[in-house]
Amino acid sequence: MTQHAVLDSNSHRELRVRADAGAELGDAVMATLTVPTEFRSIQGHFPILFRREIDRNDFMAVALLGFESGENLFLDGDRWDARYRPLSLAIQPFLIGRPASGDGPGKVHVDLGHPRIAPGSEGIRLFDVDGAPTPYLEQIAERLGDLDEGYRASKAFFDALAAYDLLEPFSLEITLDDGSINSLVGFHIIDEDRLRALDAAALGALHAEGHLMPIFMALASLSQLSALVERKNRKTGRG
Numbered sequence: 011m012t013q014h015a016v017l018d019s020n021s022h023r024e025l026r027v028r029a030d031a032g033a034e035l036g037d038a039v040m041a042t043l044t045v046p047t048e049f050r051s052i053q054g055h056f057p058i059l060f061r062r063e064i065d066r067n068d069f070m071a072v073a074l075l076g077f078e079s080g081e082n083l084f085l086d087g088d089r090w091d092a093r094y095r096p097l098s099l100a101i102q103p104f105l106i107g108r109p110a111s112g113d114g115p116g117k118v119h120v121d122l123g124h125p126r127i128a129p130g131s132e133g134i135r136l137f138d139v140d141g142a143p144t145p146y147l148e149q150i151a152e153r154l155g156d157l158d159e160g161y162r163a164s165k166a167f168f169d170a171l172a173a174y175d176l177l178e179p180f181s182l183e184i185t186l187d188d189g190s191i192n193s194l195v196g197f198h199i200i201d202e203d204r205l206r207a208l209d210a211a212a213l214g215a216l217h218a219e220g221h222l223m224p225i226f227m228a229l230a231s232l233s234q235l236s237a238l239v240e241r242k243n244r245k246t247g248r249g
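Numbering (my numbering), first residue to last: 11 to 249.
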């Protein structure tokens, strides 16, 4: 059960967290949130897909990590098997909290009910003995800021995709080496044909607004689907 609290050096002076990887730490997920400002880092490792947010008509971007619920093919025991870790996983168990109005500066919150909260003397300290943030917490705060800024700016990106009708439904059925079939449904990708058909004015507008580069990054990331299938085959082959 989640237990959010504003992080402060008095209440959480002795708090420690586990920064290693593990299914029991919340890493066993098929997909995780990403934002357009992160696409350049994501595209070299994970496919970027789009799906509608639950109970909303808005889209969100996700980095695909597996083909089944709870499957993360980049998780090898307690080792993260990729050169990059998506921000939405790297910042756990922290998040940015804001007033209900959504206005005002964000504050770092911590989920005290998250499995990454370490017992006793295990894990990494957030504050030193004098109450100053440790280098680890400073790094987390920077990542939180990057993710929060990217998420808040992403509405303009998705509005632009909608304005030019650049998202198309995407499904994928793969037959693995052992004969089993895995299917992906409910996702969208950039419609490359529609993108190619845009005139110079439309492309210029997308570029001027900073949307063209993440669009290209999302398209480039689809080449990672074959690598993800290879990972799945290796895992299935190992039993």
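Yeah, the Cβ is synthetic: ideal placement off N, Cα and C, and Gly gets one too.
Between the alpha carbons of R62 and L177 lies a gap of roughly 11 angstroms.
A Cβ-Cβ separation of about 5 angstroms places M227 in contact with Q53 under the 8 angstroms criterion. The continuous alpha helix (DSSP H) containing S98 extends over residues L97 to A100.
The Cβ-Cβ distance between A100 and L75 does not fall below 8 angstroms. DSSP places M70 in the uninterrupted beta strand (DSSP E) bounded by F69 to L74.
In this structure S164 does not touch P57 by the C-beta definition: roughly 18 angstroms separates them, more than the 8 angstroms allowed.
With contacts defined as CB atoms closer than 8 angstroms, V27 and G133 qualify as a contacting pair. Look at F60 here: in three-state DSSP terms it is strand. When secondary structure is reduced to three states using DSSP, T12 falls in the coil class, being assigned neither helix nor strand.
In chain order, R26 place their CB closer than 8 angstroms to the CB of S131, counting only its own chain and leaving out the 5 sequence neighbours on each side. Under the criterion of beta carbons closer than 8 angstroms, L154 and V118 qualify as touching, at roughly 6 angstroms. Residue range I191 to I200 is occupied by the beta strand (DSSP E) that includes G196, with no alpha helix (DSSP H) assigned at that position.
DSSP places P46 in the helix class (H, G or I) of the three-state scheme.
In this structure L136 touches T144 by the C-beta definition: roughly 6 angstroms separates them, less than 8 angstroms. Spanning the alpha carbons of F69 and Y174 requires a straight line of approximately 15 angstroms.
The C-alpha of E81 is placed about 15 angstroms away from the C-alpha of I191.
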